[in-house]
Structure formats: structure tokens, C-alpha cells
Amino acid sequence: MARLEVHQFPSRSDNYGVLVHDKATGATAAIDAPDAEELLAALHEKGWKLTHILTTHHHNDHTAGNAAVKRATGCTIVGPAKEAESIPGIDVTVREGDRVEIGGATARVIETPGHTRGHVSYHFPDDELVFVGDTLFSVGCGRLLEGDAKTMWSSLEKLAKLPPETTLYCGHEYTDANCRFALTVEPENHALQARAKVVAKLAERGAPALPTTIKQELDSNPFLRPSSPAIQKRLGMEGRPLNEIFGEIRRRKDQF
Numbered sequence: 008m009a010r011l012e013v014h015q016f017p018s019r020s021d022n023y024g025v026l027v028h029d030k031a032t033g034a035t036a037a038i039d040a041p042d043a044e045e046l047l048a049a050l051h052e053k054g055w056k057l058t059h060i061l062t063t064h065h066h067n068d069h070t071a072g073n074a075a076v077k078r079a080t081g082c083t084i085v086g087p088a089k090e091a092e093s094i095p096g097i098d099v100t101v102r103e104g105d106r107v108e109i110g111g112a113t114a115r116v117i118e119t120p121g122h123t124r125g126h127v128s129y130h131f132p133d134d135e136l137v138f139v140g141d142t143l144f145s146v147g148c149g150r151l152l153e154g155d156a157k158t159m160w161s162s163l164e165k166l167a168k169l170p171p172e173t174t175l176y177c178g179h180e181y182t183d184a185n186c187r188f189a190l191t192v193e194p195e196n197h198a199l200q201a202r203a204k205v206v207a208k209l210a211e212r213g214a215p216a217l218p219t220t221i222k223q224e225l226d227s228n229p230f231l232r233p234s235s236p237a238i239q240k241r242l243g244m245e246g247r248p249l250n251e252i253f254g255e256i257r258r259r260k261d262q263f
């Protein structure tokens with residue numbers, strides 16, 4: 008049964024912060040802490056008391072607020088065991104399959120390396136929510152900074168297998184630019200064409216195209232679609248391993 012209320016707010020230049028609140032118990036988790044002042048302001052706005060920070064990965068634009076927020080709230084900082092030495096203030100380390108309790112709600116930890124070597128995502132199955140940090144973006148994916156294409160493709164496959172109705176929150180809002188790139192890879196994709204039009208109108212208003220859903224990404228995100236015959240043909244990679252096709256799409260995005 009769904010328990011959680013989610014509050015998304017802009018942070019830094021293109022990050023998005025997220026608060027997850029269990030109405031029954033009052034427990035509240037932040038997904039990462041990009042900026043302490045902005046996170047504390049969001050908590051004040053909602054009238055919620057922070058109990059946890061669920062860290063997805065060690066990058067400074069996701070952990071810069073950890074120390075100040077912990078001092079202000081006394082929260083527990085949870086994060087990936089494989090990056091524990093790089094995460095300020097970490098209290099609890101987690102690995103694949105671990106469970107994290109936020110009040111009466113339970114998150115399942117999914118290891119999703121590729122952007123960083125120990126990146127994790129947090130899936131709340133009962134609430135049909137997943138928080139993926141910088142592994143998967145709206146019509147995009149994270150850069151391969153500490154992993155290779157094979158590693159990242161394996162992580163994306165895990166996320167792609169979640170129920171299609173799962174609502175997905177990511178760490179940055181790049182959707183408009185991602186759509187422009189995606190249309191160079193699969194211009195005949197009608198779902199992508201329609202989404203690009205909606206996203207462009209949102210961008211004109213300065214409004215986010217987040218959150219998204221697993222289904223929406225499966226339909227329109229080229230990084231989840233290396234099996235598409237149209238993509239394989241355009242890249243000249245018919246029948247090649249999917250992780251290699253994914254890697255070529257990522258290489259092209261890096262140069263776009």
C-alpha cells in the first residue's frame with residue numbers, strides 16, 4: 008500500500024532534490040543532499056523533519072550538503088558501501104538487495120554502477136517509486152565516469168525490468184537536450200517525437216519534465232532501446248551485443 012508523499016525541488020544549477028515523507032510516521036528521507044540550504048528550506052516549506060539521507064553516489068553535487076544537513080537535523084546518512092570512504096558523514100552502508108526502512112515504507116537497494124563504481128538506486132516497490140541518481144535520466148543516462156558500457160548496460164537492464172508504472176526520479180533535468188540528441192538516433196520513434204514536443208513546451212516555461220516513468224523511458228529513451236531495429240540499422244550495428252550498441256549511443260552523446 009502506498010504510504011509516501013514525494014516533494015521535488017530544484018537545486019544548484021540543474022540538480023533536482025527530492026524529499027520522501029511517510030505521512031503515517033513522520034519519517035522523511037532526502038534523496039541525496041546537493042545543497043544544504045536548499046534542502047533545509049524545502050523541509051521548512053513542507054513542515055517535515057528529516058530522518059535520513061539516501062545517498063546514490065559520492066559526487067559532490069549529490070553530497071555537498073551532507074555535513075551541514077546532518078548537523079542541523081541529526082539525520083542518518085545511508086549510502087553505497089563501495090563508495091563509503093568518499094561520502095561525507097555516512098552512517099549506514101548498503102549493497103545490492105539490502106532494505107532501508109523510512110518509517111513504515113521500505114526501499115530495496117539496487118546496485119547500479121557505471122556512472123560511478125558503487126552507485127546505487129532506491130526502489131520503493133509498494134509505492135511504485137524508484138530514485139536513480141545519475142544512472143538513468145529522462146531520455147538519457149549518466150556519463151561513464153567510473154565504469155564501462157557493459158557495466159552501465161547491466162545497471163540499466165535492472166532498472167528496465169522494474170514495473171512499467173514505476174515513477175522514476177533522477178538527479179538532473181536534461182530532458183530537452185536529451186530529446187534533441189535522441190531524435191538523431193531514432194527519429195522515426197513516434198513516442199519520442201511526441202515527448203520531445205511536450206518537453207520543449209515545458210522547457211520554454213522553465214518547468215521540469217520530471218519525474219518520468221519506466222514505461223515512458225522504455226518507449227522513448229534510446230539508451231534503453233539498443234534492441235530497436237531502427238537504432239541498430241542507423242548505427243550499422245545490426246545483431247551486435249546490446250551493451251556494444253548502448254556503448255556506441257553513449258559515445259555519440261558524449262560528442263553531441
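Under the working numbering, think of the first position of the sequence shown as 8, with each following residue one higher. Here a beta-carbon is modelled for each residue, glycine too, at the ideal position from N, C-alpha and C.
- For residue 18, the uninterrupted beta strand (DSSP E) segment begins and ends at 11-18.
- Taken through DSSP and simplified to helix, strand or coil, residue 131 comes out as strand.
- In the three-state reduction of the DSSP assignment, residue 100 falls in the strand class, which pools E and B.
- In the structure shown, residue 146 falls within a coil segment according to DSSP collapsed to helix, strand and coil.
- Residue 62 sits in coil when the DSSP states are folded into three classes, being neither helix nor strand.
- If you compare the alpha carbons of 250, 138, 260 with that of residue 220, the shortest gap goes to 138.
- With fewer than three CB-CB distances shorter than 8 Å, the stretch 152-161 does not count as touching the stretch 222-229.
- Minimum Cα-Cα distance from residue 252 among the listed residues 161, 168, 104 corresponds to 161.
- Nearest neighbour of residue 88 by Cα position, chosen from 109, 82, 97, turns out to be 97.
- Rounded to whole angstroms, the separation of the alpha carbons of residue 63 and residue 123 is 10 Å.
- Around the beta-carbon of residue 205, fewer than 16 other beta-carbon atoms lie within 10 Å, marking it exposed.
- Taking the Cα of residue 35 as reference, the smallest distance to any Cα among 25, 208, 176, 130 is reached at 25.
- Collapsing the DSSP output to three states places residue 196 in coil.
- The beta carbon of residue 120 is closer than 7 Å to those of 126, 154, 158, 162 in its chain, skipping five residues each way along the sequence.
- According to DSSP, residue 26 shares a beta bridge with 14, 37.
- Taking the Cα of residue 198 as reference, the smallest distance to any Cα among 214, 222, 249 is reached at 222.
- Restricted to the stretch 157-244, the alpha helix (DSSP H) segments that are unbroken, complete and at least 4 residues in length are 182-192, 197-211, 221-227, 236-242, listed in chain order.
- Around the Cβ of residue 191, a 10 Å sphere holds fewer than 16 other Cβ atoms; the residue is exposed.
- Inter-residue distance for residue 152 and residue 212 is about 32 Å (C-alpha atoms, whole angstroms).
- Ranked by how close their Cα comes to the Cα of residue 67, the residues 167, 170, 141, 232 have 141 in first place.
- Taken through DSSP and simplified to helix, strand or coil, residue 251 comes out as helix.
- Annotated three-state conformation of residue 152 is coil, per DSSP.
- Sequence-distant Cβ neighbours of residue 19 in its own chain, meaning closer than 7 Å and more than five residues away, are 41, 42, 68.
- Each residue's CA atom was taken as its position, placing residue 29 and residue 114 some 12 Å apart.
- Within a 10 Å sphere around the beta-carbon of residue 145 sit 16 or more other beta-carbons, which makes this residue buried.
- Collapsing the DSSP output to three states places residue 47 in a helix.
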